[in-house]
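Single-structure report; data block below.
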Amino acid sequence: MKFTSIPKSYSSYAEPLVYAFDTQSEKADVEVRIINATTNEVIGRKMLYGVSEGQIDIAPYLRRATSVQLPDAVEYSQILETGVQIKVKVEVAGVTSSSRNFIAAKLPASTYFTLLTDQLHRRTMTRDEFDVIGFYSSPDAVVEVVVEVWGKSYGYLTLEQATGGQCAVAVTALDFDDGPEDLKVSFKVDGEVLAEVEYELKENLRGARRLAWLNSSNSLELYTFPMRKSILIEATRRHIESQLGREAAEVEHDGELKLLSAYEPQSQLEAISKIFTSQRVWLIERNVCRKVELRAERVFTLPYDELSLVEVDICAAEEGVRL
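Its first residue numbered 75, the sequence shown is counted upward by one per residue in this note's numbering.
Structure, rendered in structure tokens:
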């Protein structure tokens, strides 16, 4: 038995990953097993009957076997393994293929390094929040992530990716003292800066809420919606409540939130709007992540000159939870 075709390492399981083989014998029943090469767990199997050659697309098995993991809490900057990369081998009639790493992101085979984020590279967050930036690097590219802060003093730290492939970095100003005002994340390969993301560190408004979701590369995106809609109309609500009662004046229930983005350019609005294609959404509070659900699959854009804003409705994933 021999494999006649094997997908390239770091191909995406969002697309077909076809293993082809030739038993080099008469037709027979053949068992195919897909194995997690890191844990040796069998994540899929299939019987092929009366074949001397055949093929199997393992991508559906990998999509079921992988799940994006957001850390329970982030208190310091760190490289994250988010669970979207998997190393597998395939066994056919007792013969095992070489191991291959496969990822969620669909990228050209020639990709050396790229960020896996849809949002602008100039962002805001508070000093005690964190952000997650997904990226991909080929096995030949050892990525060095440099986090720098400015304010009353200058500080920096360096993080290094252990292996190539798809992963992410969580960044926060909690690593630094003296109340930094600006933060920059630089991605370096062989000393050359290939990408940068900059942050203005400032306090949120009272009703701000930070959400996380997955983009098309199964990479995490985080954004702080600066205002709850109910706060915008609080004075009106109080007036109605005094006339007709609290129930008539409700804008949102305890387990629901209506959130408004800042006025953003079109490219950022499009990035935020992809929250509705995400399989999972989280609410981030005090750097702790809690799963929530979207109440309605729609986004409202309200034009304001060259900028617009997005309105998002979310609700608690568990009944009785207050947001």
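Beta carbons are placed, not taken as given, at the ideal position from N, Cα and C, and that holds for glycine.
Over what stretch of residues does the alpha helix (DSSP H) that includes residue i continue unbroken?
i, result
"Arg137", "Ala133 to Ala139"
"Ala286", "No alpha helix (DSSP H) holds Ala286; the beta strand (DSSP E) holding it covers Arg283 to Leu288."
Taking the alpha-carbon positions, what's the residue i to residue j distance?
i, j, result
"Glu89", "Gln240", "16 Å"
"Asp214", "Glu100", "42 Å"
"Glu218", "Met75", "43 Å"
"Ser83", "Ser171", "12 Å"
"Thr113", "Phe176", "15 Å"
"Gly225", "Gln340", "31 Å"
"Val164", "Ser85", "15 Å"
"Asp387", "Asp202", "25 Å"
What residue range is occupied by the uninterrupted beta strand (DSSP E) comprising residue i?
i, result
"Leu296", "Leu294 to Phe299"
"Ser352", "Unbroken run through Ser352: none, as it is neither H nor E."
"Glu222", "Val217 to Trp224"
"Tyr230", "Gly229 to Glu234"
"Leu110", "Just to set this straight, residue 110 is Asn in the shown sequence, not Leu. Ala102 to Asn110 is the span of the beta strand (DSSP E), which, as asked, contains Asn110."
"Gln152", "Gln152 to Leu154"
"Val125", "Val116 to Val125"
"Lys76", "Lys76 to Ser79"
Does DSSP put residue i in a helix, a strand or coil?
i, result
"Thr170", "strand"
"Lys180", "coil"
"Leu405", "With the chain covering 75 to 397 only, the question about residue 405 has no answer from this structure."
"Asp256", "strand"
"Ala345", "helix"
"Ala244", "strand"
"Gln403", "No answer is possible for residue 403: it lies beyond the span of the chain, which begins at 75 and ends at 397."
"Asp192", "coil"
"Asp249", "helix"
"Lys420", "What is shown of the chain runs 75 to 397, which leaves residue 420 out entirely."
"Gln159", "coil"
"Leu331", "strand"
"Val386", "strand"
Find out if the Cβ-Cβ distance for the pair residue i, residue j is shorter than 7 Å.
i, j, result
"Leu190", "Ser293", "yes"
"Val220", "Thr237", "no"
"Ala242", "Gln152", "no"
"Thr140", "Ile160", "yes"
"Arg119", "Tyr87", "no"
"Val106", "Ile130", "yes"
"Tyr358", "Arg284", "According to the sequence as given, residue 358 is Ile; it is not Tyr. Yes, the Cβ-Cβ distance between Ile358 and Arg284 is below 7 Å."
"Arg197", "Tyr273", "yes"
"Ile117", "Leu91", "no"
With a cut-off of 8 Å, do at least 3 Cβ pairs link the region 279 to 291 to the region 338 to 353?
yes
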